[in-house]
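Report on the following structure.
2 protein chains.
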Amino acid sequence: MSHTIYDIAKAAGVSIATVSRVFNKAESVKPSTREKVMKVADRLGYQPHVYAQGLASKRKNRIMMLAPVMSNYFLTEILRGIQDCLASHDIELNIVNISQDSRAIDQVENIIKKSWAEGYLLVSLHLNEEELSCLERYQVPISLLDDYSSYFDSVSFDNVEGAFLATDYLISRGYERIVILSANPNAIPIRERLAGYKKALEKSKIPFRESYVVTGDNMERDGFNEQSGYEAMRKILTMDPMPDAVFCTSDIKAVGAQKAMRETGLKIPLISFDNLSISEYIGLSTVSQPMYRMGSEATEMLISRIRNGESKSRHTQYEPELVIRSSSEKPTVKHEAV
Amino acid sequence: MSHTIYDIAKAAGVSIATVSRVFNKAESVKPSTREKVMKVADRLGYQPHVYAQGLASKRKNRIMMLAPVMSNYFLTEILRGIQDCLASHDIELNIVNISQDSRAIDQVENIIKKSWAEGYLLVSLHLNEEELSCLERYQVPISLLDDYSSYFDSVSFDNVEGAFLATDYLISRGYERIVILSANPNAIPIRERLAGYKKALEKSKIPFRESYVVTGDNMERDGFNEQSGYEAMRKILTMDPMPDAVFCTSDIKAVGAQKAMRETGLKIPLISFDNLSISEYIGLSTVSQPMYRMGSEATEMLISRIRNGESKSRHTQYEPELVIRSSSEKPTVKHEAV
DNA sequence: CTGAAAGCGCTTACAG
DNA sequence: CTGAAAGCGCTTACAG
């Protein structure tokens, strides 16, 4: 039904090799020949068959982003960075969702095995070192985003410092009973943020208490969801004595936490983590991650590895910035219940 | 570096045709032969080369979702539906982002031309009939999601009825100066929602006023963003006389609108549209779209067309449901400014 | 139930 | 600057 390189070659009165060269932007084609071929190709609506190209050339001009797409707003920002970077390189992007149902590493391995792409961007997957080491044998360029490992290039965020800044800010405002609204304790970002929280307490000689690590019951997406934030905040608001500030481990959880405060009419100053696009609009004080830049940086790394095949892995870590809005303010009036 | 079908054939002492049959689940292979092949394949970590398979078989077992990924929360829900449906069919999904920068139809056409997949899911693209008609000549299964056209299968939502319900509810609560917080007037969903809004006014003999269609200035994603909602609401709150209720065309815009109300300390009852996962937590009354079901339904349609090649196009339209939360309540106390 | 062989639509040394 | 030809790794009638 669609035309092949033979059709074009015949119609243009050249060999298929020449048609191929024209489409691969080879320099060595006489301009007049090139034009002749292009004219025919345009008229017939010719498109090279991607599978055939891939098979013959062993190239694919394509990278894949593997990510838990469900964990959303955060990824959106990252994606923008990736795409803007790609646009300037004429490389295509495929996005594949890694579902939370089955083991992430199995899904990743299955995809990489099939060698669809020239490189892979593993976003927020937080595979462990052992799992990542399995991937090494495929000898394919891989960059980690929002993650770290010695095995591959990585672009990460200083979660420890971010959590430290947030907690330290709360301490500087005079709060002492500061809880951390946490999530799955085994998740890497949580471990790091907890460490930063502890570090800030330590600096000010405030004792760490296990009971001040509060988690919701809903563990979807490792507990990074609204409901989990809501549940945890309900618990916090019944503690006695009631904590006087909370460091919340993600903006999306803070959305749930805010609901709990509205419902009960109680309000505690809160700082969270991410700085999503909605956060500005709901007044969240938060630790800002440069998601866009992280996306483009990781992509740049991946491309350079594909093109130049560097030897040792490179790592970039972005530093946090505190954005103060209304959620961390001391409640002057009692908040009205809704 | 990686093994080919020849390596497996040789190691298993069979022909490559037999190996191929084993991997394609052909019935006609003796169980003992199958086992022998599988054992070797497992040991050598063999994976068929996808491009070669695609080239030789002219099949791909793969569908592609084309969507403006940036328009996010809404898509997340849809995606879950798609994936759950796909899982039961052993078909792979690729997600390709259609950027808002350049013409959507060009991007779509470019992808379809390359015939990566056996079928395409066009989500929230709102191409016009003329553009869609261009796609017909590629003779490939296409389903539209969150969109409608006579050319292709479609799963859509009754935007008119949804807007009608929301507006009618506000009227039933005694409001009369009801504005519509709108977006790009050329966007299909906006046109339909405006029509539903008008229909409700008409039913109650409330005159429609052009000045009650209020839009923000930020037109990213057709104005479906927080900032645009914020801007529009600021305008609304300075109108004289001030409107007494607002029908907001999307939840994400409502997030911005709520900020405007908090800032000014003024509050107007509001109903919006979508029912995103955050909406419950920020108390939005809204028109609920069954996004998950829409996703799986559209996928089911696409697969059946791929497998059976139906003749005429089928269309499913989902009906709205009103979810009433706190945002549509009459403000009793003046809202405190933040 | 299995194999030999043609063919899918390209790319790329090689030769000229 | 261009062409003939081999080859990429599979699938699938066809024959047995």
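Line by line, the protein sequences give chains A and B. Position one of the first sequence corresponds to residue 1 (my numbering), numbered consecutively onward. Position one of the second sequence corresponds to residue 1001 (my numbering), numbered consecutively onward. Using N, Cα and C, we set each Cβ at its ideal position, and we do this for glycine too.
Helix, strand or coil: which one does DSSP assign to residue i?
{"i": "residue 209 of chain A", "result": "coil"}
{"i": "residue 1065 of chain B", "result": "strand"}
{"i": "residue 1090 of chain B", "result": "coil"}
{"i": "residue 1154 of chain B", "result": "strand"}
{"i": "residue 1190 of chain B", "result": "helix"}
{"i": "residue 117 of chain A", "result": "coil"}
{"i": "residue 274 of chain A", "result": "strand"}
{"i": "residue 1164 of chain B", "result": "helix"}
{"i": "residue 237 of chain A", "result": "coil"}
{"i": "residue 335 of chain A", "result": "Low confidence applies here, because residue 335 of chain A scores a pLDDT of 47, under 50, leaving its location unreliable; read the following figure in that light. Reduced to three states, the DSSP call for residue 335 of chain A is coil."}
{"i": "residue 1195 of chain B", "result": "helix"}
{"i": "residue 77 of chain A", "result": "helix"}
{"i": "residue 1324 of chain B", "result": "coil"}
{"i": "residue 1148 of chain B", "result": "coil"}
{"i": "residue 1019 of chain B", "result": "helix"}
{"i": "residue 122 of chain A", "result": "strand"}
{"i": "residue 1143 of chain B", "result": "strand"}
Find the residues of chain A that neighbour residue i, judging by a C-beta separation of less than 8 Å, and give them in chain order.
{"i": "residue 1107 of chain B", "result": "Simply none; closest approach about 11 Å."}
{"i": "residue 1094 of chain B", "result": "94, 95, 96"}
{"i": "residue 1255 of chain B", "result": "278, 281, 282"}
{"i": "residue 1230 of chain B", "result": "281"}
Would you mind reading off the limits of the alpha helix (DSSP H) that contains residue i?
{"i": "residue 1110 of chain B", "result": "1104–1113"}
{"i": "residue 100 of chain A", "result": "Counting along the chain, residue 100 of chain A falls outside any alpha helix (DSSP H), and DSSP gives it neither H nor E."}
{"i": "residue 1286 of chain B", "result": "No alpha helix (DSSP H) holds residue 1286 of chain B; the beta strand (DSSP E) holding it covers 1285–1288."}
{"i": "residue 181 of chain A", "result": "Per DSSP, residue 181 of chain A belongs to no alpha helix (DSSP H); it is in the beta strand (DSSP E), 178–182."}
{"i": "residue 1005 of chain B", "result": "1005–1012"}
{"i": "residue 1040 of chain B", "result": "1031–1044"}
{"i": "residue 26 of chain A", "result": "Neither: residue 26 of chain A is in no alpha helix (DSSP H) and is coded neither H nor E."}
{"i": "residue 1297 of chain B", "result": "1291–1308"}
{"i": "residue 57 of chain A", "result": "50–57"}
Could you name the residues of chain B that residue i contacts, counting a contact when the two beta carbons are closer than 8 Å?
{"i": "residue 54 of chain A", "result": "1051"}
{"i": "residue 175 of chain A", "result": "In chain order: nothing, as chain B lies at least about 19 Å away."}
{"i": "residue 226 of chain A", "result": "1277, 1278, 1280, 1281"}
Using a Cβ cut-off of 7 Å, pull out every chain B residue sitting near residue i, in sequence order please.
{"i": "residue 99 of chain A", "result": "1083"}
{"i": "residue 289 of chain A", "result": "Near residue 289 of chain A there are no residues of chain B at all, since even the closest Cβ is about 17 Å away, more than 7 Å."}
{"i": "residue 113 of chain A", "result": "1047"}
Nearest-angstrom Cα distance between residue i and residue j?
{"i": "residue 1029 of chain B", "j": "residue 1018 of chain B", "result": "8 Å"}
{"i": "residue 159 of chain A", "j": "residue 185 of chain A", "result": "14 Å"}
{"i": "residue 377 of chain A", "j": "residue 147 of chain A", "result": "Look at the range of chain A in this structure, 1 to 338, and you will see that residue 377 of chain A is not part of it."}
{"i": "residue 138 of chain A", "j": "residue 149 of chain A", "result": "16 Å"}
{"i": "residue 1121 of chain B", "j": "residue 1142 of chain B", "result": "6 Å"}
{"i": "residue 1170 of chain B", "j": "residue 1283 of chain B", "result": "16 Å"}
{"i": "residue 13 of chain A", "j": "residue 43 of chain A", "result": "15 Å"}
{"i": "residue 1252 of chain B", "j": "residue 1285 of chain B", "result": "13 Å"}
{"i": "residue 1118 of chain B", "j": "residue 1057 of chain B", "result": "12 Å"}
{"i": "residue 326 of chain A", "j": "residue 271 of chain A", "result": "9 Å"}
{"i": "residue 1135 of chain B", "j": "residue 1113 of chain B", "result": "9 Å"}
{"i": "residue 227 of chain A", "j": "residue 260 of chain A", "result": "10 Å"}
{"i": "residue 1281 of chain B", "j": "residue 1102 of chain B", "result": "35 Å"}
{"i": "residue 1011 of chain B", "j": "residue 1052 of chain B", "result": "21 Å"}
{"i": "residue 1060 of chain B", "j": "residue 1087 of chain B", "result": "16 Å"}
{"i": "residue 1074 of chain B", "j": "residue 1258 of chain B", "result": "19 Å"}
{"i": "residue 1293 of chain B", "j": "residue 1331 of chain B", "result": "35 Å"}
{"i": "residue 262 of chain A", "j": "residue 215 of chain A", "result": "19 Å"}
{"i": "residue 1188 of chain B", "j": "residue 1164 of chain B", "result": "16 Å"}
{"i": "residue 337 of chain A", "j": "residue 267 of chain A", "result": "Confidence at residue 337 of chain A is low in this model, with a pLDDT of 48, below 50, so its placement is unreliable and no value can be given for it."}
{"i": "residue 1005 of chain B", "j": "residue 1045 of chain B", "result": "11 Å"}
{"i": "residue 1335 of chain B", "j": "residue 1269 of chain B", "result": "Low local confidence applies: a pLDDT of 47 at residue 1335 of chain B is under 50, so the model's placement there is unreliable, with the coordinate-based value given in what follows. About 12 Å."}
Under 8 Å, do residue i and residue j count as touching if we go by C-beta distance?
{"i": "residue 319 of chain A", "j": "residue 161 of chain A", "result": "yes"}
{"i": "residue 1144 of chain B", "j": "residue 1157 of chain B", "result": "no"}
{"i": "residue 1218 of chain B", "j": "residue 79 of chain A", "result": "no"}
{"i": "residue 1022 of chain B", "j": "residue 1038 of chain B", "result": "yes"}
{"i": "residue 181 of chain A", "j": "residue 232 of chain A", "result": "yes"}
{"i": "residue 1183 of chain B", "j": "residue 1249 of chain B", "result": "yes"}
{"i": "residue 1240 of chain B", "j": "residue 1177 of chain B", "result": "no"}
Which chain B residues sit within Cβ distance under 9 Å of residue i?
{"i": "residue 259 of chain A", "result": "1280, 1281, 1282, 1283"}
Between which two residues does the beta strand (DSSP E) harbouring residue i extend?
{"i": "residue 1252 of chain B", "result": "No beta strand (DSSP E) holds residue 1252 of chain B; the alpha helix (DSSP H) holding it covers 1251–1264."}
{"i": "residue 1317 of chain B", "result": "1315–1318"}
{"i": "residue 135 of chain A", "result": "It is not in any beta strand (DSSP E) - residue 135 of chain A instead sits in the alpha helix (DSSP H) that spans 129–136."}
{"i": "residue 246 of chain A", "result": "245–248"}
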